[in-house]
Amino acid sequence: RGGEAPRGGGGGGEEGSDGEEVEDGGPLSKLCGSFGMMCLGLVVFPFALLMLGWNENHYVCENRRILQAEQKAEVVGCDSSKVTNTFAFFSCPLQESSLELFQPCVFNAGKMSPCDSMIHFTSTSGMQRVEMYQCAESCTETSGKNSLGQNVKKRRCTYRMEWSQTLIDSAAFHTTPSEAACPAFAQARGNPPFPANLEPGETTNFAQTVVAGASGRSGYALNHDLVAELAPDAPVSLQPFVANFSTPKLPPASPWMRPLTVGLQTLRLSSDRAMLETCAPPYQLGCIRIQYFKSSATSPAVITQVTQAGQTEKAKIPGSWGCSSSSWQAIRPKKLAKEELVAALHEENHSMVWLVRICGALAAVVAVCCCLQPISAAADVAGDLLNFCPCGGMLEDCLEGIVDWVICVISCNIGLGASFLVIAVVWVFMRPMWGIGLLVLGCCCCGSSLAVRQMFKQDKEPLE
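For the working numbering, add 6 to where a residue sits in the sequence shown, where the first one is 1.
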């Protein structure tokens, strides 16, 4: 749980508690927990395989949609008056008058009212990020041996001040942080809540529709689904609003008393004019900082269906072998030629399929490992019995290490094998020539493994 190190300095450093011995769970709790992990694995394993199958199908179908757009989308100008019922490509400037006006009250569910102009900006999308300076705990457990050679576990917790977008539950800390690690933590009785009129974390809003084109009347009205693809990725400079804020007067008492709500009288601009803050460096427990982001899009590249009067909607893409008919459109925030947009879509599709392949295969391996956790738990319980003997820690380490190694090998073989099989089967259906080749390769690998096993078995029989 945490954020970045304090920007501009701040009170508090990292300090850890002395390692305390941790009691290992009993045999019943270990076995019950292992069966819970097994149930989780039984759910995750088929889900991972289904995700892999869907991913391969989606990759092929998305590739066909992109090819359809490359062949059928007509390049049109920024004047929509002569474009009707056309599958079109255009890259035109956004009309400033059509952009959404964003203010702090927009992001805070009506808690901050009335909507004043202390901060305002226009964009296709906007985001507010609210963070609080809090005390955070980080604990690690290490295993070692006592004077009798028995295994013991020790927990060591460290504490530091950091920015966080969520409230860190200090009531769950294992020990009370020292004053050096988390100044004023004891006096404040833990991390305080966020101000009542702020939404913690990141809150994002999008315009319903914006116009791209030569003018507001003859431009293209981008539908909400297109606008939602233009994410807020650029920080908003607060330099134009310097005159709206004054530096809050902080009371000399310690700890600093945070405001229950924020507003013009309790906020200041940071030195780099990038954020609003409730207190200046060095930051103290409960300080709030607020940052705003907007979309960097100015002339987005778009492939969509233009209907009438510049209105846009998803284009109807006909079905093909293995792919049903669908509605499709695409947008990217910067100005691109049609060929550049198509190339970017192909690259993103290729990157995504490999990302899901890796994640899905790893999920399948982890799921099989979870299914085998009762075996690991049984070895753990047996190891705990051995650990009662002098120097039993070495025997426990040996037993548990061997069992964990075997489980790891089995999990990798089954998880990766099942993943490759699912991918190959989908490719047999979607692209038979490629899929059959993958299946033949997989069968050859399995056949060679069985042949080697049979060879060793035959070599062993004469010796017996």
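Note that beta-carbon positions come from the ideal geometry of N, C-alpha and C, so glycine has one too.
Asked, Found
"Beta-carbon spacing of serine 338, alanine 350 below 8 Å", "According to the sequence displayed, residue 338 carries arginine and not serine. Yes, the Cβ-Cβ distance between arginine 338 and alanine 350 is below 8 Å."
"Pick from Pro33, Val66, Gly59, Trp60 that is closest to serine 326, judged by C-alpha positions", "Val66"
"Proximity winner among Phe127, Ser123, Thr90, relative to glutamate 102 (alpha-carbon distances)", "Phe127"
"Cut-off 8 Å between Cβ atoms - residues of its own chain near serine 243, not counting five sequence neighbours on either side", "Arg279, Ala280"
"Distance cut-off 7 Å: glutamine 140 Cβ against heavy atoms of the ligand MG", "This structure does not include the ligand MG; it has no bound ligands of any sort."
"Spatial distance of arginine 71 from isoleucine 323 (CA atoms)", "7 Å"
"Cβ separation of methionine 133 and glutamate 208, assumed to be a contact under 8 Å, to the nearest whole Å", "6 Å"
"Member of Val233, Leu73, Leu270, Gln245 whose CA lies at the smallest distance from the CA of phenylalanine 251", "Leu270"
"Secondary structure of phenylalanine 251, DSSP reduced to three states", "coil"
"Euclidean distance between Cα positions of alanine 190 and alanine 286", "16 Å"
"Distance between glutamate 168 and proline 258 (C-alpha atoms, nearest Å)", "At proline 258, the pLDDT of 46 sits below 50, so the modelled position is not reliable and the matter cannot be decided from this model."
"Beta-carbon contacts of histidine 180 that lie in its chain and below 6 Å, excluding the five residues immediately before and after", "Cys163"
"Distance between threonine 272 and leucine 266 (C-alpha atoms, nearest Å)", "10 Å"
"Whole-angstrom distance between glycine 421 and cysteine 395, CA atom to CA atom", "37 Å"
"Isoleucine 413 versus leucine 378: straight-line alpha-carbon distance, rounded", "7 Å"
"Paired residues, beta bridge with alanine 227 - DSSP", "Val217, Gln317"
"Pairwise C-alpha distance: threonine 130 and leucine 291", "35 Å"
"Identity of the residue in Ala321, Lys300, Ala79, Cys141 nearest isoleucine 125 by Cα", "Lys300"
"Nearest-angstrom beta carbon gap, cysteine 98 and alanine 218 [assumed within contact, 8 Å]", "4 Å"
"Three-state class that DSSP yields for isoleucine 174 in the structure shown", "coil"
"Rounded distance between the beta-carbons of leucine 342 and alanine 307, thought under 8 Å", "4 Å"
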